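In the working numbering, the protein residues as written are 7 to 318. Presented below is the structure to which this report refers.
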């Protein structure tokens, strides 16, 4: 899919001397225009990637196929995309492995879907659920474009991918399927937790991708109340580049800061419950202003003194 001479229908990425980037699909007979003149697509088609081309006005461009991390930030969007730094965290921390069956709720524009399909390989499966048809159509086109299925429009978009229009909370239980991993990229992932718990195999992982602290808190506490998962872990990742020229080594002026929070937990075996943590929560953590879900404290644990701490 991503080797050999450049072909018509593929995306290419042009980068000029100032680092400005241009992404487009190669089409015979068409031209690319910029403030540095034009280039004929036919000049690029058939050449091995990794070359420099000169435009009609003397502008030089480096030509490569876009990496997946480059493709997802420039592809057409229906919904916001899961950025590469978060997709990488999901693949690693949710332990997406070759041959796994991964369920994804909220396909968005298909960015995370591409990473999941790459990770499960040809013998795995990715089952995506999307409630909005217009988002599903954008995702379908983007996945098709990236994996090169455009040359066979009547064939499958990707042999490991199944896209279902519907609500995971209803559609997944109706399917009767079991899975290894579930990724929830949606407004209210706690609404799907019961369906996720029923579908996940013991030892499987649920991972929620949420944008706000209130969503993160609600999902974490709902996982605790459910009781069939391990203690959830919540975090975010920040990426900062560095300027390096001889002795001039310093942090870059820009960084990829907050995009979303990630929460993961593992499914316990049927009838088993993980030990509750016994660390005392911060005073007032579950005080009168807290209205979210809350698991029952373990008898004899420090949580049992929670109400007294809140009153103090």
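Quick reminder that beta carbons are idealized off the backbone N, C-alpha and C, glycines included. Here the structure is a predicted model, which means the values were calculated and not measured.
Applying the criterion that 16 or more other CB atoms from any shown protein chain within 10 Å of the CB defines a buried residue, is residue 135 buried or exposed?
-> Position 129 of the chain shown, counted from the first residue, corresponds to residue 135. Buried.
Beta-ladder partner(s) of residue 131, from DSSP = Working through the chain shown from its first residue, we reach residue 131 at position 125. Paired residue(s): 107.
For the candidate residues 218, 199, 217 and 221, whose alpha-carbon lies nearest to that of residue 211?
-> By one-based count along the chain shown, residue 211 stands at place 205. The shortest Cα separation from residue 211 among 218, 199, 217 and 221 belongs to 199.
So is residue 304 buried or exposed if we call it buried at 16+ other beta carbons inside 10 Å?
-> On the chain shown, residue 304 is found 298 positions in, with the first residue counted as 1. Unreliable placement is indicated for residue 304, whose pLDDT of 47 sits below 50; the coordinate value is still reported in the next sentence. Label assigned to residue 304: exposed.
Could you check what DSSP says for residue 47 in three-state terms: helix, strand or coil?
-> As a first step, residue 47 is located in the chain shown; it is residue number 41 there, counting from the start. The three-state secondary structure of residue 47, taken from DSSP, is helix.
Indicate the three-state DSSP secondary structure (helix, strand or coil) for residue 147 in the structure shown.
-> Here residue 147 is taken as the residue at index 141 of the chain shown, counted from 1. Note: residue 147 maps to helix in three-state DSSP.
Under 8 Å between the Cβ atoms of residue 208 and residue 131?
-> Position 202 of the chain shown, counting from 1, holds the residue named residue 208. Position 125 of the chain shown, counting from 1, holds the residue named residue 131. Cβ atoms of residue 208 and residue 131: not closer than 8 Å.
Anyone know if the C-beta pair for residue 119 and residue 145 falls short of 8 Å?
-> To locate residue 119, count along the chain shown from 1; it is residue 113. To locate residue 145, count along the chain shown from 1; it is residue 139. In this structure, the beta-carbon distance from residue 119 to residue 145 falls below 8 Å.
Nearest residue (CA-CA) to residue 27, options 142, 222, 247 and 40 | Here residue 27 corresponds to residue number 21 of the chain shown, with the count starting at 1. Nearest option by C-alpha distance: 40.
Could you check what DSSP says for residue 297 in three-state terms: helix, strand or coil?
-> Numbered from its first residue, the chain shown carries residue 297 at position 291. Correct three-state label for residue 297: coil.
Same chain only: Cβ atoms within 7 Å of residue 24, ignoring 5 sequence neighbours per side | Against the chain shown, residue 24 aligns to sequence position 18. For residue 24, where only same-chain residues beyond five positions count, there are no Cβ hits under 7 Å.
CB of residue 225 within 8 Å of CB of residue 195, strictly = Looking up residue 225 in the chain shown gives position 219. Looking up residue 195 in the chain shown gives position 189. Yes, these two residues count as a Cβ contact at 8 Å.
Touch check for the segment 62 to 71 and the segment 236 to 244: three-plus C-beta pairs under 8 Å?
-> With a cut-off of 8 Å, the segment 236 to 244 and the segment 62 to 71 do not count as touching, because too few Cβ pairs lie within range.
Hey, could you find the ends of the beta strand (DSSP E) residue 66 is sitting in?
-> Within the chain shown, numbered from 1, the residue matching residue 66 stands at position 60. Counted as a single uninterrupted DSSP element, the beta strand (DSSP E) harbouring residue 66 occupies residues 66 to 70.
With a floor of 3 residues, list each beta strand (DSSP E) that falls wholly inside the segment 213 to 246, ordered by position along the chain.
-> Here the runs fully enclosed are 239 to 241.
Exposed or buried, which one is residue 248 when buried takes at least 16 other CB atoms within 10 Å?
-> Residue mapping note: residue 248 aligns to position 242 of the chain shown, counting from 1. Around the CB of residue 248, fewer than 16 other CB atoms lie within 10 Å, so the residue is classed as exposed.
Rank 150, 165 and 103 by C-alpha distance to the C-alpha of residue 185 and give the top, closest one.
-> Working through the chain shown from its first residue, we reach residue 185 at position 179. Ranking 150, 165 and 103 by Cα distance to residue 185 puts 103 first.
By the 10 Å Cβ neighbour count, where 16 or more other Cβ atoms means buried, how is residue 232 classified, buried or exposed?
-> Indexing the chain shown from 1 puts residue 232 at position 226. Label assigned to residue 232: buried.
Separation of residue 35 from residue 264, as counted between CA atoms | In the chain shown, the residue the question calls residue 264 occupies position 258. In the chain shown, the residue the question calls residue 35 occupies position 29. Distance between the alpha carbons of residue 264 and residue 35 is about 42 Å.
Could you tell me the distance, in whole angstroms, from the CA atom of residue 213 to the CA atom of residue 267?
-> Taking the chain shown and counting its residues from 1, the one referred to as residue 213 is at position 207. Taking the chain shown and counting its residues from 1, the one referred to as residue 267 is at position 261. Between residue 213 and residue 267, the C-alpha separation is close to 10 Å.
So residue 287 is in the alpha helix (DSSP H); what residue range does that whole segment cover?
-> Counting from 1 along the chain shown, the entry for residue 287 is found at position 281. Counting along the chain, no alpha helix (DSSP H) covers residue 287, and no H or E run does either.
Out of curiosity, what's the CA-to-CA distance linking residue 43 and residue 61?
-> Taking the first residue of the chain shown as 1, we reach residue 43 at position 37. Taking the first residue of the chain shown as 1, we reach residue 61 at position 55. Their Cα atoms are separated by approximately 6 Å.
Please report how far the alpha carbon of residue 291 lies from the alpha carbon of residue 96, in whole angstroms.
-> As a position in the chain shown, residue 291 is number 285, starting the count at 1. As a position in the chain shown, residue 96 is number 90, starting the count at 1. CA-to-CA, the gap between residue 291 and residue 96 works out to about 28 Å.
Alpha carbon to alpha carbon, what distance is there between residue 201 and residue 278?
-> On the chain shown, residue 278 is found 272 positions in, with the first residue counted as 1. On the chain shown, residue 201 is found 195 positions in, with the first residue counted as 1. Between residue 278 and residue 201, the C-alpha separation is close to 18 Å.
Using the Cα positions of residue 276 and residue 205, report the straight-line distance between them to the nearest angstrom.
-> The residue you call residue 276 lines up with position 270 of the chain shown. The residue you call residue 205 lines up with position 199 of the chain shown. Each residue's alpha carbon lies about 12 Å from the other.
Rounded C-alpha distance that separates residue 123 from residue 165 = Position 117 of the chain shown holds residue 123. Position 159 of the chain shown holds residue 165. Answer to the nearest angstrom: the Cα atoms are 10 Å apart.
Hey, how far is the Cα of residue 94 from the Cα of residue 121?
-> Position 88 of the chain shown, counting from 1, holds the residue named residue 94. Position 115 of the chain shown, counting from 1, holds the residue named residue 121. About 8 Å.
Short Cβ contact (8 Å threshold) for residue 112 with residue 190 | Walking along the chain shown from the start, residue 112 turns up at place 106. Walking along the chain shown from the start, residue 190 turns up at place 184. The beta carbons of residue 112 and residue 190 sit closer together than 8 Å.
What's the gap between the Cα of residue 33 and the Cα of residue 18?
-> Here residue 33 refers to the residue found at position 27 when the chain shown is read from its first residue. Here residue 18 refers to the residue found at position 12 when the chain shown is read from its first residue. Spanning the two alpha carbons is a distance of roughly 11 Å.
Would you mind working out which of 152, 203 and 168 sits nearest residue 175, comparing C-alpha positions?
-> Taking the first residue of the chain shown as position 1, residue 175 is located at position 169. Nearest of 152, 203 and 168 to residue 175, Cα basis: 203.
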